[in-house]
Amino acid sequence: MRGGVAQGFSIEEISIAFGSVYESASEVLAGLNEIKISQFCKTHGINGHYICASDEFASDLCLRAISGLSSASVAGAECLVVATHTPDFLAPATSNLVHRALGLDERVVCFDLQLFCSGFVKALFMANLLLDKFKSVLLCCVSTKSKSLDPDNLAQKASISDSASALIIRRKECEIKPSFSELSLSELACVETAPFGGYNKMVANDYVSLDNSSFFNEVFDKFPPFFKDFTGSLGAYFSDDTPCFFHLPSEFFASRLKGTLGLSDNQCVSLSLKKYANTDINNIPLNLALYVKNHASIKPKSTALLASYGTGISLNSLFCEIEFSKIKASILAEK
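FYI, numbering that gives the first Met the number 0 numbers position 95 of the sequence shown as 94, with every residue one higher than the one before it.
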C-alpha cells in the first residue's frame with residue numbers, strides 16, 4: 000500500500016462551533032407524518048441540526064470556532080489553513096478573511112484547501128507536513144453546506160449541520176510516526192456528486208446533488224479492503240484498544256460500517272450524531288473533542304486511527320499518536 004509517513008505532531012487544542020440557528024428534526028420535517036419523522040430520526044440517529052443564518056458564512060464560523068482557542072496559541076500560529084468546500088467567495092480566500100479579522104501577523108502564511116467530507120483527515124496530514132517548516136499551524140475546517148442544498152429536499156436538509164473546527168497543531172517528536180494513505184476513485188467524480196458551482200455553468204447544478212446509493216455502494220465495496228490493508232501495514236501498533244474515528248454521516252451508516260469492519264462500539268467512536276447531526280467535514284474533529292470531554296480516564300498517550308470518505312470519491316486513513324489527556328477541547332453551541 001502506498002502512503003505517506005511524516006514527522007510527529009501534537010493536537011494541543013480543538014474548538015468546535017456551529018451555525019447559530021437550531022432546528023429540531025420535527026420542525027424541518029413538519030410536512031411529514033409522525034411515523035416518518037420517527038423513522039428518519041432513528042435511521043439518521045439525530046434529534047436536530049444547526050444551520051447558518053442568512054448573513055452567516057464560512058469565515059464567521061471559523062472565527063467562532065477560533066474564539067474557543069487560547070489567544071496566545073492563535074497569535075503564535077505561523078500558518079493558517081482553512082479547509083472548506085463552502086467558502087464565502089471564490090476570491091478572496093477564506094483564510095485571508097479570517098487572517099484579517101483576527102489581526103494576525105503579516106508573516107503568517109495563509110491558504111485555503113478545497114476539501115469535502117473526507118477533508119479533515121487529509122487537512123490534518125497536510126498540516127503535519129507543514130510542520131517541517133513551521134512550529135505551529137492553525138487549522139480550520141468549515142462547512143456551511145446548508146446554503147447549497149435544495150430547499151425542497153427536506154431529508155437532506157434535516158440531516159446536515161453547519162459547523163467549523165479550529166485546531167492548534169504543533170511539531171512534536173513521536174515514537175510512532177504518523178502514517179497516511181488515500182485511495183482516489185475519480186472515475187465516479189461526477190457521478191456520486193453532480194457538478195456544482197464554479198465557472199462551468201453549462202453542466203453545473205444550482206444545488207448540491209448527491210447520488211447516495213452510488214456513494215454507499217462504492218464505499219462499502221472499496222473501503223473495507225482499503226482499511227484492512229492499511230491496518231495490516233501497521234502491524235502490532237493497531238490493536239483492539241486503538242480508538243477509531245470515522246466520518247459517520249448517519250446511525251445506519253455507522254452501524255453498517257462497524258459490522259462490516261468487525262469493530263466494537265467501544266472501539267468505533269460515534270458520539271456526535273444525536274445532538275449535532277451530520278457535521279460533514281467536522282464529524283471527526285467533533286468526535287475527537289467529545290471523546291476528550293467525555294472520557295475522564297483517558298490514557299496519557301495513545302494511538303488513534305482516523306478515516307473518512309467523500310466527494311471524489313476519496314477514501315483515506317491516518318494513524319498517529321494523540322495525547323488525548325493533554326488536549327484542551329471546547330464545543331461552542333447554542334443548544
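Positions of the beta carbon are idealized from the N, C-alpha and C atoms, including for glycine.
Small disclaimer: the values here were computed from a predicted structure and weren't measured.
Outcome for residue i when other beta-carbon atoms lying within 10 angstroms are tallied against a minimum of 16
{"i": "Val-73", "result": "buried"}
{"i": "Pro-248", "result": "buried"}
{"i": "Met-201", "result": "exposed"}
{"i": "Lys-144", "result": "buried"}
{"i": "Asn-211", "result": "exposed"}
{"i": "Glu-26", "result": "exposed"}
{"i": "Leu-314", "result": "buried"}
{"i": "Gly-231", "result": "exposed"}
{"i": "Glu-22", "result": "buried"}
{"i": "Leu-89", "result": "exposed"}
{"i": "Ser-70", "result": "exposed"}
{"i": "Ala-203", "result": "exposed"}
For residue i, the nearest candidate out of the options (CA to CA)
{"i": "Cys-243", "options": "Lys-221, Ala-157, Phe-226 and Leu-28", "result": "Phe-226"}
{"i": "Leu-209", "options": "Ser-238, Asn-152 and Asp-220", "result": "Asn-152"}
{"i": "Ser-213", "options": "Asp-264, Cys-189, Leu-182 and Asn-199", "result": "Cys-189"}
{"i": "Ser-19", "options": "Gly-197, Arg-255, Tyr-275 and Phe-222", "result": "Tyr-275"}
{"i": "Gln-266", "options": "Arg-170, Phe-251 and Phe-237", "result": "Phe-237"}
{"i": "Lys-176", "options": "Val-27, Cys-319 and Gly-30", "result": "Cys-319"}
{"i": "Glu-181", "options": "Asp-228, Pro-284, Cys-40 and Leu-129", "result": "Asp-228"}
{"i": "Ile-312", "options": "Leu-148, Phe-119 and Leu-184", "result": "Leu-184"}
{"i": "Ala-82", "options": "Asn-199, Arg-169 and Ile-280", "result": "Ile-280"}
{"i": "Gly-7", "options": "Ser-324, Pro-194, Ile-283 and Leu-129", "result": "Leu-129"}
{"i": "Asp-104", "options": "Lys-121, Thr-259 and Gly-75", "result": "Gly-75"}
{"i": "Phe-215", "options": "Asp-264, Tyr-308 and Leu-89", "result": "Tyr-308"}
{"i": "Lys-221", "options": "Phe-195, Leu-256 and Gly-196", "result": "Leu-256"}
{"i": "Pro-284", "options": "Asp-264, Ser-263, Ala-328 and Glu-186", "result": "Ala-328"}
{"i": "Ala-52", "options": "Asn-32, Ala-92, Pro-224 and Lys-146", "result": "Lys-146"}
{"i": "Ser-162", "options": "Phe-323, Lys-325 and Ser-58", "result": "Ser-58"}
{"i": "Leu-112", "options": "Leu-138, Asp-205, Asp-131 and Arg-99", "result": "Leu-138"}
{"i": "Arg-99", "options": "Ser-254, Leu-79 and Tyr-198", "result": "Leu-79"}
{"i": "Lys-171", "options": "Asn-199, Asp-131 and Ala-165", "result": "Asp-131"}
{"i": "His-48", "options": "Ala-126, Leu-31, Ala-24 and Ala-71", "result": "Ala-24"}
{"i": "Gly-258", "options": "Gly-234, Asn-293, Phe-219 and Glu-33", "result": "Phe-219"}
{"i": "Ser-164", "options": "Cys-61, Asn-293 and Leu-31", "result": "Cys-61"}
{"i": "Asn-127", "options": "Arg-106, Val-107, Leu-166 and Gly-102", "result": "Leu-166"}
{"i": "Gly-118", "options": "Gly-30, Cys-140, Leu-101 and Arg-106", "result": "Cys-140"}
Own chain residues within Cβ distance below 8 Å of residue i, not counting five before or after
{"i": "Leu-331", "result": "Ser-14, Ile-15, Ala-16, Phe-17, Arg-63, Ala-64, Ser-66 and Gly-67"}
{"i": "Leu-28", "result": "Lys-35, Ile-36, Phe-39, Leu-153, Ala-154 and Ala-157"}
{"i": "Thr-302", "result": "Ile-175, Tyr-236, Phe-237, Thr-241, Phe-318, Cys-319, Glu-320 and Ile-321"}
{"i": "Asp-87", "result": "Phe-56, Ala-57, Ser-58, Thr-93 and Leu-96"}
{"i": "Pro-194", "result": "Val-202, Ala-203 and Asn-204"}
{"i": "Lys-292", "result": "Ala-328 and Ile-330"}
8 Å contact criterion, which residue i and residue j should meet: CB distance rounded
{"i": "Ser-142", "j": "Thr-85", "result": "6 Å"}
{"i": "Glu-174", "j": "Lys-134", "result": "Not confirmed; about 20 Å, so no contact."}
{"i": "Glu-217", "j": "Leu-260", "result": "About 16 Å; that fails the 8 Å criterion."}
{"i": "Ile-326", "j": "Ser-160", "result": "Actually they are not in contact, since the Cβ atoms of Ile-326 and Ser-160 sit about 22 Å apart, beyond 8 Å."}
{"i": "Asp-264", "j": "Tyr-206", "result": "About 35 Å separates the two Cβ atoms, so there is no contact after all."}
Spatial neighbours of residue i in its chain, beta-carbon cut-off 7 Å, leaving aside the 5 residues before and after
{"i": "Lys-273", "result": "Gly-44, Ile-45 and Asn-46"}
{"i": "Leu-287", "result": "Ile-13 and Phe-244"}
{"i": "Asn-95", "result": "Cys-109"}
{"i": "Arg-169", "result": "Phe-8, Ser-9, Glu-11, Lys-134 and Ser-135"}
{"i": "Thr-310", "result": "Phe-115, Cys-116, Glu-191 and Thr-192"}
{"i": "Ser-271", "result": "Thr-278, Asn-282, Leu-285, Asn-286 and Leu-289"}
{"i": "Leu-262", "result": "Cys-243"}
{"i": "Gly-196", "result": "Ala-203"}
{"i": "Val-107", "result": "Ala-76, Glu-77, Cys-78, Leu-79 and His-98"}
Own chain residues within Cβ distance below 6 Å of residue i, not counting five before or after
{"i": "Tyr-290", "result": "Val-268"}
{"i": "Leu-317", "result": "Val-120, Phe-124, Phe-179 and Leu-305"}
{"i": "Ser-251", "result": "The amino acid occupying residue 251 in the given sequence is Phe; Ser does not appear at that position. Taken in chain order, the residues that qualify are Thr-42."}
{"i": "Asn-32", "result": "none"}
Beta carbon proximity, residue i to chain C, threshold 7 Å
{"i": "Ile-36", "result": "Absent here is chain C; the protein component of the structure consists of one chain."}
For this session: Pick out the complete alpha helix (DSSP H) segments inside the region 202 to 272, 4 residues or longer, and give them in chain order.
Result: 211 to 233 and 250 to 260
Problem set entry | Sequence ranges, beta strand (DSSP E) only - wholly within the region 270 to 330, length at least 3 | 301 to 309 and 313 to 321
For this session: Starting from the N-terminal side, write out each stretch of the beta strand (DSSP E) that is 3 residues or longer and does not extend beyond the region 37 to 118.
Result: 47 to 50, 78 to 83 and 108 to 113
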